[in-house]
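Once you know that position 9 of the sequence shown is 861 in our numbering, the rest is easy, because the numbers rise by one and skip nothing. Each residue gets a CB set at the ideal place from its N, CA and C atoms; glycine is no exception.
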Amino acid sequence: MDLFFKYLTYEKRYSPHTLTSYQTDLGQFADYLAHTYQITDPAQADHTLIRSWIITLLQNKMEARSVNRKIACLRSYYKFLFKNGAISQNPMLKVTAPKAGKKLPAFLPQETMQQLFEQIEFPDTFEGWRDKLVLELLYGTGMRLSELIGLQENSIDLHQKTIRVLGKSQKERILPLHKSLENCIRTYLEFKTSAAGQNKPTMLLVTTKMQPLYPKLVYRIVKTYTGMVTTSKHRNPHVLRHTFATHLLDNGADLNAIKDLLGHSSLAATQVYTHNTIEKLKSIFDKAHPKA
């Protein structure tokens, strides 16, 4: 298992988030084998044991999407073992993934986002401007949480009005900065310089103790401020990424352009946002058409 995770880290160059997920999934499978069948090495499992684990997860009411992520982890693991001669047969060839229902990405309405940035007063302090910048970056660029936390000060080019983002598999992309976001960055950097003194960190977003921002704090910032303008239960950093993409599509942006902005490797991942737009069109049709 250690060799497998080294392979994912150094050869496949998986993101820290994906690595953590795979370590959790494979660890849970190893625990299941040890407790249920007294098997201490997952490499010894055959397809019947893998199927029994999948059935157990589904019986425990785990969503098919979550189960499929765990299956993807096992596929990678046993493919790695087979490729390196550790097993003579790949048991995953006889394992079928359960069908997952299509889930439309949750997003917040444009009016809600306007309220957030136009009516909510952020404190005129380092912390207040940092929180506002977190929200501006997530909604203004559609970047992922891991990309946000990994931003360096030199990722920003205020002259060119762009921001350099390091995405999945270390793929770099350049995103444009709108005027409001540019102004927010300038003000935040002034407060940060004043608060940090001579020990100014190179990371763009930091805590009040000048330590790198961490996921739990970003979740708290997003949940707190979006809670001031909506009662929706969908109030997390990824919802702002969905909101960014949906609002672009609603306002006529090209799907390929949205794909590039989001850093998707294929158009199929971006096309899920068209379903939200179709639902909106249906709603307009039902309200406006005499035959509806």
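Excluding sequence positions up to five away, which residues of its chain have a Cβ less than 8 Å from the Cβ of residue i?
i            : result
residue 939  : 895, 930, 933
residue 1099 : 959, 962, 965
residue 1010 : 1029, 1034, 1037, 1038
residue 1024 : 1016, 1017, 1018
residue 904  : 888
residue 1198 : Coverage of the chain is limited to positions 853 through 1144, which leaves residue 1198 absent and any answer about it impossible.
Going by DSSP, what residues sit across from residue i in a beta bridge?
i            : result
residue 1064 : 1058
residue 1008 : 1015
By Cβ distance below 7 Å, which residues in the same chain neighbour residue i in space, the five residues on each side in sequence not counted?
i            : result
residue 897  : 885, 891, 943
residue 926  : 881, 902, 944
residue 914  : none
residue 1004 : 1054, 1055, 1056
residue 994  : 1093, 1096, 1097, 1113, 1114
residue 856  : 929, 932
residue 1082 : 960, 964
residue 984  : 974, 1036
Is it right to say residue i is buried, meaning 16 or more other beta carbons lie within 10 angstroms of its own, or is it exposed?
i            : result
residue 1097 : buried
residue 1138 : exposed
residue 1080 : exposed
residue 1159 : The first residue shown for the chain is 853 and the last is 1144, placing residue 1159 beyond what the model contains.
residue 1089 : buried
residue 1007 : buried
residue 1112 : exposed
residue 918  : exposed
residue 1045 : exposed
residue 1072 : exposed
residue 989  : buried
residue 900  : exposed
residue 867  : buried
residue 948  : exposed
residue 922  : buried
residue 1122 : buried
residue 972  : exposed
For residue i, collect the residues of the same chain with a Cβ closer than 6 Å to its Cβ; drop the 5 residues on either side in sequence, then sort them by chain order.
i            : result
residue 1048 : 1062
residue 908  : none
residue 1001 : 1065
So residue i packs on residue j, CB below 8 Å; how close in whole Å?
i            : j            : result
residue 879  : residue 1019 : With 8 Å as the limit, residue 879 and residue 1019 do not qualify as a contact, their Cβ atoms being about 26 Å apart.
residue 992  : residue 1033 : 4 Å
residue 960  : residue 876  : At roughly 29 Å, the Cβ-Cβ gap does not stay under 8 Å, so residue 960 and residue 876 are not in contact.
residue 997  : residue 1015 : At roughly 15 Å, the Cβ-Cβ gap does not stay under 8 Å, so residue 997 and residue 1015 are not in contact.
residue 912  : residue 952  : Not really, about 16 Å apart at Cβ, beyond 8 Å.
residue 1070 : residue 986  : 6 Å
residue 1021 : residue 865  : 5 Å
residue 1076 : residue 979  : Actually they are not in contact, since the Cβ atoms of residue 1076 and residue 979 sit about 12 Å apart, beyond 8 Å.
residue 950  : residue 910  : 6 Å
residue 1040 : residue 982  : 6 Å
* With a floor of 3 residues, list each beta strand (DSSP E) that falls wholly inside the region 1012 to 1036, ordered by position along the chain. => 1014 to 1018, 1024 to 1028
* What are the uninterrupted segments assigned as alpha helix (DSSP H) that are 4 or more residues long and contained completely in the region 871 to 939, given in chain order? -> 899 to 911, 916 to 935
* To do: Just list the alpha helix (DSSP H) runs in the region 960 to 1004, keeping only unbroken ones of 4 residues or longer that don't cross its boundaries, in chain order.
  => 962 to 970, 978 to 993, 997 to 1001
* **Residue ranges of each alpha helix (DSSP H) within the region 1096 to 1131, 4 or longer** => 1107 to 1114, 1119 to 1122
* To do: Would you mind listing the beta strand (DSSP E) stretches within the region 1070 to 1096 that are 3+ residues and don't spill past its ends, in chain order?
  => If we require 3 residues or more, the region 1070 to 1096 turns out to have no beta strand (DSSP E) run fully inside it.
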